[in-house]
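A.B. asks: Numbering (the working numbering), first residue to last: 87 to 881.
1. Cβ of residue 611 within 9 Å of Cβ of residue 636?
2. If we require 4 or more residues per run, which alpha helix (DSSP H) segments fall completely within the stretch 419-494?
3. With the cut-off set at 9 Å, would you say residue 510 and residue 499 are in Cβ contact?
4. Rounded to whole angstroms, what is the Cα-Cα separation between residue 398 and residue 384?
5. At the level of alpha carbons, what is the spacing between residue 567 and residue 532?
6. Considering Cα atoms alone, identify which of 671, 573 and 555 is closest to residue 565.
7. What residue from 574, 826 and 848 has the CA that sits closest to residue 870's CA?
8. Among 717, 684, 464 and 175, which residue has its Cα nearest to the Cα of residue 448?
9. How big is the Cα-Cα spacing for residue 856 and residue 474?
10. Indicate whether residue 776 and residue 753 have their beta-carbon atoms separated by less than 9 Å.
11. Quick check: the Cα distance between residue 735 and residue 839, rounded to an integer number of angstroms?
12. Does any heavy atom of the ligand ATP sit closer than 8 Å to the C-beta of residue 713?
13. Take the Cβ of residue 331 as the centre, count every other Cβ of all protein chains shown within 10 Å, and call the residue buried at 16 or more, exposed below.
14. Please report the straight-line C-alpha distance between residue 821 and residue 798, rounded to a whole angstrom.
15. Distance, Cα to Cα, residue 466 vs residue 717?
16. Which residue from 452, 284, 344 and 517 puts its Cα closest to that of residue 482?
17. Quick test of the definition: if touching needs 3 or more C-beta pairs under 8 Å, does the stretch 247-263 touch the stretch 94-113?
18. Just tell me which of 641, 459, 557 and 329 has its CA closest to the CA of residue 427.
19. I'd like to know whether the C-beta atoms of residue 653 and residue 615 end up nearer to each other than 9 Å.
20. When you compare only the Cα positions, how much space is there between residue 480 and residue 445?
21. Please state the DSSP three-state secondary structure of residue 822.
22. Counting only runs of 3+ residues fully inside the stretch 611-661, write out the beta strand (DSSP E) ranges in chain order.
23. Between which two residues does the alpha helix (DSSP H) containing residue 149 stretch?
24. Compute the Euclidean distance between the alpha carbons of residue 699 and residue 678, then round it to the nearest angstrom.
25. Note the first and the last residue of the continuous beta strand (DSSP E) segment covering residue 755.
26. Any contact of the stretch 205-219 with the stretch 238-255, i.e. 3+ C-beta pairs under 8 Å?
27. In the DSSP assignment, what are the bridge partners of residue 852?
28. Determine the closest residue to residue 241 out of 121, 263, 169 and 663, with distance taken between C-alpha atoms.
29. Which same chain residues end up closer than 7 Å to residue 451 when comparing Cβ atoms and leaving out the 5 residues on each side of it in sequence?
30. How many angstroms separate the CA atom of residue 634 from the CA atom of residue 867?
31. Would you mind stating whether residue 765 and residue 707 have Cβ atoms separated by less than 9 Å?
32. If we count the other Cβ atoms within 10 Å of its Cβ and call it buried at 16 or more, is residue 737 buried or exposed?
33. Grouping DSSP H, G and I as helix and E and B as strand, with all else coil, what is residue 677?
34. If we ignore side chains and look at the alpha-carbon of each, how far apart do residue 659 and residue 849 end up?
35. Please state the DSSP three-state secondary structure of residue 110.
36. Of the choices 439, 561, 580 and 494, whose alpha-carbon is the least far from that of residue 569?
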């Protein structure tokens, strides 16, 4: 309430308010105490008179002398406040008395006992008259207390008069004090306001008091002295600063010119580096395409053992050199910050199973087990960069293969957290290899760093693979960690978070139905493989009996299962021997057998059927293939049984049909390099295609106008007319004719954005050199059959 009031009003309010409160409380206390004192004194006077009269009336009551009683009662008439006095006998009957109103003889003792009460300012006292312990009678006295009111009113008026006088004195004191406090403060406020308006620091406040206000005024004046001195120093310093700023501005302008020049030089160097990498990639990949491709063609011909071994060495060296080139390019992209991450829908199970297909034979060549585990609760359809994720897992699986001599390697995918919109997954690649020393783990992800950098190291490599993996995982927003015990093995842990695809299934959960409740008897000597197999079958609600010992499995199995799922390579007894013993028992002779093996039995289907094997799957077993095989074997539908029996025939028929289609397909190879021309023609001839060669884009346009082709393999960098210009010209022609010929880029350009440039120019697919024969045939089969163009990139 007082926040906006002046100090003077606040002081007046404080002094007057405090004084008024004190005076009111003091007056109230004094008046109250005076009234109480007067009342006590009147009561005590009446009590004494009553006791005296009662004592004097004892003899009158004892001898029944009422005149004596009246004489004793008349003695208290001198007290003006007493208005009546009566004596009653022991039974309460009137004996004697008087009253100022003249009605003493009519008084009645209403209550026998000691009474003291006040009614309407009239005090009534009743006391017993006692002699020698016996009650002779009672005495009642009444007194008028109304004169006390006059005394109290007089006291109140006196207190009010004194209070008013005190308030006048307090008001006078408050005004004096407030002026002593507020006037110097107002003077300082006025001085400060004037200084604010005209910036005249020479003003001072004139206050001569020696109290706190005076000290405050002196401090205010000293502050003005310092401000004035400081302002003068600032003005002098400002002049110095202006000259310095002018000098620095000139220096900065010169520095900016140098920085701009340095920036332009750095950008030019970056462009030169990018151009150099692109040109080197192209120039290296072009002869590498010839080396690797020609080597592959020669290896397919008739060779003696020594020749084949030497050519295999050439091909391995070429593959290693190509891997090194790819690592350097990837590392350059990550280091330059030009690496981009895609966000597309993909199926996680396809990636894991494809990795099993790729690495399975390589692991089997070293007698290693590759175990992949993708539980059913892992979301399958995700949004992310499948190419980069596949690259990371490929690198980690390749490292595990390189550093593991015996045992097994696990690829395990698990769920860290999962919601309807996002899923955080954990990928583990665990091996039983040589492990990593604890003092080398910290440098493991540094570029060009080897765990064993000595000249006697056993394992090759540039030291870029894990650095690239670290960069790729970081670019995808994940983490890459490692746990290792030297001599026992290493586990690489990749944690990535993905969006969940709105177009796919929510998880890799099995379809209920045919397999539910079916009984499977599983046999595998590898504990991990057996665990994974058992978990997969149980996820389809199958009842599973599992064993790792073939002898005990045959001897102890009692209940007849719906199917046997057996490993082929086992100690003591292999899979075929187990099948022979099982089918030798009457109760097991009709139970179908699914054989899991690390070797291929292609072409031996009849032999396997004759030995009692219904179907064979090659390790590592795809979850989808396992489920499909189980469904076909256990199905009661005749169509499924026919499909199972005729699978081999259909595969052969499909191959014959493909060869027939290829013989009718004419392909134009547009390539300026003679080696690559011979390589591409040899590959296509061997696959059954008809092909012609154009040396550059202009020659290709001429040939396309003269004869029809089903597909064009287009190099990008060529003299006269490059592949981009030639493709645009072909598409311009097609816009008028309404036709469309598939164009597949076949180029040594493998830098970031090269594939996109090819598609933007109008090409349908992209193959980077060196060309893999299998990938080339797959791409040609896809596009030469008249399939509509798609924006997919062939790798």
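Every residue, glycine too, gets a C-beta built ideally from N, C-alpha and C. Only a predicted model underlies this, so the values are computations on that prediction, with no experimental measurement involved.
C.D. replies: Taking the coordinates as given:
1. Position 525 of the chain shown holds residue 611. Position 550 of the chain shown holds residue 636. Their beta carbons are under 9 Å apart, which means residue 611 touches residue 636 by this criterion.
2. Positions of the alpha helix (DSSP H) runs, each at least 4 residues long and wholly inside the stretch 419-494, are given as 434-451 and 472-489 in order along the chain.
3. Within the chain shown, the letter at position 424 stands for residue 510. Within the chain shown, the letter at position 413 stands for residue 499. Not in contact: residue 510 and residue 499 (Cβ atoms no closer than 9 Å).
4. Your numbering for residue 398 matches position 312 in the chain shown. Your numbering for residue 384 matches position 298 in the chain shown. Linking residue 398 to residue 384 through their CA atoms gives a straight-line distance of about 10 Å.
5. Within the chain shown, numbered from 1, the residue matching residue 567 stands at position 481. Within the chain shown, numbered from 1, the residue matching residue 532 stands at position 446. Residue 567 and residue 532 have their C-alpha atoms spaced approximately 13 Å apart.
6. For the purposes of this step, residue 565 is identified with residue 479 of the chain shown, where counting begins at 1. The option with the nearest alpha carbon to residue 565 is 555.
7. Translated into the one-based positions of the chain shown, residue 870 becomes position 784. Nearest C-alpha to residue 870 among 574, 826 and 848: 826.
8. Start at 1 with the first residue of the chain shown, and residue 448 comes out as number 362. Here the closest residue by C-alpha is 684.
9. The residue labelled residue 856 in the question sits at position 770 within the chain shown. The residue labelled residue 474 in the question sits at position 388 within the chain shown. Near 20 Å, if we compare the C-alpha coordinates of residue 474 and residue 856.
10. Looking up residue 776 in the chain shown gives position 690. Looking up residue 753 in the chain shown gives position 667. Going by C-beta atoms, residue 776 is nearer than 9 Å to residue 753.
11. For this step, residue 735 is matched to residue 649 along the chain shown. For this step, residue 839 is matched to residue 753 along the chain shown. In this predicted model, residue 735 has a pLDDT of only 42, less than 50, meaning its place in the structure is not dependable; the value taken from the coordinates is given anyway. Their backbone Cα atoms lie some 43 Å apart in a straight line.
12. Of ligands this structure carries none, so the ligand ATP is not represented either.
13. Sequence index remark: in the chain shown, residue 331 carries index 245 (1-based). With fewer than 16 Cβ atoms within 10 Å of its Cβ, residue 331 is classed as exposed.
14. Reading the chain shown from its first residue, position 735 is the one you call residue 821. Reading the chain shown from its first residue, position 712 is the one you call residue 798. Residue 798 has its alpha-carbon roughly 17 Å from the corresponding atom of residue 821.
15. Here residue 466 corresponds to residue number 380 of the chain shown, with the count starting at 1. Here residue 717 corresponds to residue number 631 of the chain shown, with the count starting at 1. Between residue 466 and residue 717, the C-alpha separation is close to 21 Å.
16. Numbered from its first residue, the chain shown carries residue 482 at position 396. Of the listed residues, the one whose Cα sits closest to residue 482 is 517.
17. In short, these stretches touch, since the Cβ pair count reaches three.
18. Position 341 of the chain shown, counting from 1, holds the residue named residue 427. By alpha-carbon distance to residue 427, the top candidate from 641, 459, 557 and 329 is 557.
19. Your numbering for residue 653 matches position 567 in the chain shown. Your numbering for residue 615 matches position 529 in the chain shown. Contact flag set, yes.
20. Numbered from its first residue, the chain shown carries residue 480 at position 394. Numbered from its first residue, the chain shown carries residue 445 at position 359. The alpha-carbon atoms of residue 480 and residue 445 are separated by roughly 9 Å.
21. Stepping through the chain shown from its first residue, residue 822 is reached at position 736. Helix, per DSSP.
22. Correct list: 629-633 and 649-653.
23. Residue numbering aside, residue 149 sits at position 63 when the chain shown is read from its first letter. Note, residue 149: alpha helix (DSSP H), 144-149.
24. Your numbering for residue 699 matches position 613 in the chain shown. Your numbering for residue 678 matches position 592 in the chain shown. Separation of residue 699 and residue 678 (C-alpha to C-alpha, rounded to the nearest whole angstrom) is 7 Å.
25. The residue given as residue 755 occupies position 669 in the chain shown. Element bounds for residue 755: 752-756.
26. Taking a cut-off of 8 Å on C-beta distances, the stretch 205-219 does not touch the stretch 238-255, as fewer than three cross pairs fall below it.
27. Mapped onto the chain shown, residue 852 falls at position 766. Bridge partners of residue 852: 831.
28. The sequence position of residue 241 within the chain shown is 155, counting from 1. It is 121.
29. Mapped onto the chain shown, residue 451 falls at position 365. There are no such residues.
30. Taking the first residue of the chain shown as position 1, residue 634 is located at position 548. Taking the first residue of the chain shown as position 1, residue 867 is located at position 781. Spanning the two alpha carbons is a distance of roughly 44 Å.
31. In the chain shown, the residue the question calls residue 765 occupies position 679. In the chain shown, the residue the question calls residue 707 occupies position 621. Contact check for residue 765 against residue 707 fails: the beta carbons are separated by 9 Å or more.
32. Within the chain shown, residue 737 is the residue found at index 651, counting from 1. For residue 737, the predicted structure reports a pLDDT of 40, less than 50, and the residue's modelled location is therefore unreliable. A value from the coordinates is still provided. Burial call: exposed.
33. Here residue 677 corresponds to residue number 591 of the chain shown, with the count starting at 1. Coil.
34. For the purposes of this step, residue 659 is identified with residue 573 of the chain shown, where counting begins at 1. For the purposes of this step, residue 849 is identified with residue 763 of the chain shown, where counting begins at 1. Take the alpha-carbon of residue 659 and the one of residue 849: they are about 56 Å apart.
35. The sequence position of residue 110 within the chain shown is 24, counting from 1. It is helical.
36. The residue you call residue 569 lines up with position 483 of the chain shown. If we check each option's Cα against that of residue 569, 580 comes out closest.
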